[in-house]
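Heads up: the sequence shown begins at -13 in this note's numbering, then just goes up one per residue. One structure is given below, encoded as structure tokens.
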Amino acid sequence: MKQKLPAFAVLLLASLALWAACTKPTPFGAELLDDELADYDFTDTITVLCTIEQEDSILTSDPNSTATSFLCGELDDPIFGKSRSDIFSLLQLDFLDPGFDTSAQVFDSIVLYLRYAPSNVYGDTMQAQNLRVFRLDSALIDDKEYYSNNTLPASTEIGRVDGFLPKPNTADSLIVTNTKAPYLRVPLDDAFGKELFALDSAILSNDSAFYATIRGIKITTSAGASPGAMLAFDLNNEAYSRIRLYYHIKDDTVGKAFDFNFSGANKFVHFEHDYSGSEAGQHVGQQSDDLIFLQASQGLRVKVQ
-13 MKQKLPAFAV LLLASLALWA ACTKPTPFGA ELLDDELADY DFTDTITVLC
37 TIEQEDSILT SDPNSTATSF LCGELDDPIF GKSRSDIFSL LQLDFLDPGF
87 DTSAQVFDSI VLYLRYAPSN VYGDTMQAQN LRVFRLDSAL IDDKEYYSNN
137 TLPASTEIGR VDGFLPKPNT ADSLIVTNTK APYLRVPLDD AFGKELFALD
187 SAILSNDSAF YATIRGIKIT TSAGASPGAM LAFDLNNEAY SRIRLYYHIK
237 DDTVGKAFDF NFSGANKFVH FEHDYSGSEA GQHVGQQSDD LIFLQASQGL
287 RVKVQ
């Protein structure tokens, strides 16, 4: 009489056979090595070579008005040296053909309003700053891409405010009394305002003609001493950032205003860095295995090898 192995015995034998087959190490892909076993080495240490490099340029133009802050100022940092940022921008008519009439209306004043971007302000805000506004000598092009190393000549000053203390976290109302935000007020020259007020209706009815005529403005800030501060403004904030022209109708006491906006117009930021005498400057162009320096705004980058 033949005896059959119990099912559990068959499973036990199969498991032993499989275990025996798996105890002999066989390199993956051994069939490709002509019966020669491959050698394996393991390590938990690698050598990384880092070279500190200065960024060439970055795209900073904002034709679609998506940026939330634009840096403006001078900052002297013991680690990264001196940094500078200037703002260049076109102006956008609040609406076409505002209907200025110098025979029936009287120009009063013109003011630049800049909404702070508090989270991006760096440096000593208790140090007095000087802000200057210039008229561009050549037009900023509305549909052109501008990079951080681009600049435009601007020789005519049209406004300034000296010795002010930045208050990026102090909110105040500008137009709507129940809405407050931190902003800076900069009076502009009457001559610039009167020029805008007297523009031909053909220019005020066409964006391209207006851009070519006004050309744009440049904004700079400086403390004139260390450490300085890098201010930040939200030019695309439609509630606060603008140039506002005030006027009234003759023989009428009711004031009127017209806005020239930054939102909707092309704008860009120009950066400059001077690393001489700074800690980072000693490492620029050098390989480093213990220190790396990273800086935004066309600053420093690290090449890893």
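We put the beta carbon where it would ideally sit given N, CA and C, even for glycine.
Beta-bridge pairing of residue i - partner residues as DSSP gives them
{"i": "residue 216", "result": "59 and 108"}
{"i": "residue 143", "result": "120"}
{"i": "residue 159", "result": "166"}
{"i": "residue 35", "result": "Answer by DSSP bridge pairing: none, since residue 35 is not bridged."}
{"i": "residue 205", "result": "73 and 119"}
{"i": "residue 268", "result": "Per DSSP, none; premise fails for residue 268."}
Unbroken beta strand (DSSP E) run spanning residue i, endpoints
{"i": "residue 196", "result": "Not the beta strand (DSSP E): residue 196 falls in the alpha helix (DSSP H), residues 193 to 200."}
{"i": "residue 73", "result": "67 to 75"}
{"i": "residue 258", "result": "253 to 260"}
{"i": "residue 244", "result": "241 to 247"}
Straight-line Cα distance separating residue j from residue i
{"i": "residue 169", "j": "residue 121", "result": "22 Å"}
{"i": "residue 2", "j": "residue 29", "result": "Below a pLDDT of 50, predicted positions are generally treated as unreliable, and residue 2, at 47, falls in that range; the measurement from the model is reported next regardless. C-alpha separation (whole angstroms): 34 Å."}
{"i": "residue 43", "j": "residue 129", "result": "19 Å"}
{"i": "residue 257", "j": "residue 206", "result": "11 Å"}
{"i": "residue 117", "j": "residue 243", "result": "24 Å"}
{"i": "residue 217", "j": "residue 89", "result": "41 Å"}
{"i": "residue 140", "j": "residue 255", "result": "14 Å"}
{"i": "residue 271", "j": "residue 70", "result": "21 Å"}
{"i": "residue 92", "j": "residue 49", "result": "33 Å"}
{"i": "residue 147", "j": "residue 165", "result": "25 Å"}
{"i": "residue 179", "j": "residue 276", "result": "56 Å"}
Start and end residues, alpha helix (DSSP H) containing residue i
{"i": "residue 179", "result": "176 to 183"}
{"i": "residue 235", "result": "Looking at the DSSP string, residue 235 is not in any alpha helix (DSSP H); the run it does join, the beta strand (DSSP E), is 228 to 235."}
{"i": "residue 188", "result": "187 to 190"}
Per-residue burial, residue i [other beta carbons within 10 Å of its own, 16 or more giving buried]
{"i": "residue 235", "result": "exposed"}
{"i": "residue 38", "result": "buried"}
{"i": "residue 32", "result": "exposed"}
{"i": "residue 34", "result": "exposed"}
{"i": "residue -1", "result": "The predicted position of residue -1 is uncertain, since its pLDDT is 47 and thus under 50; no value can be drawn from it."}
{"i": "residue 241", "result": "exposed"}
{"i": "residue -3", "result": "With a pLDDT of 47 at residue -3, under the threshold of 50, the modelled position of this residue cannot be trusted, and the question is left open."}
{"i": "residue 239", "result": "exposed"}
{"i": "residue 273", "result": "exposed"}
Neighbour flag for residue i against chain D, beta carbons, 7 Å
{"i": "residue 250", "result": "Going by chain labels, chain D is absent from the structure shown, which holds only one protein chain."}
Inset, instruction - Would you check if the region 90 to 103 and the region 132 to 141 touch, i.e. whether three or more CB-CB distances between them fall below 8 Å? - result: no
Legend entry - the region 48 to 63 in contact with the region 185 to 192 per 3-pair CB rule at 8 Å: no
Inset, instruction - Evaluate contact between the region 147 to 156 and the region 75 to 84, counting only Cβ atoms and requiring at least three cross-stretch pairs below 8 Å. - result: no
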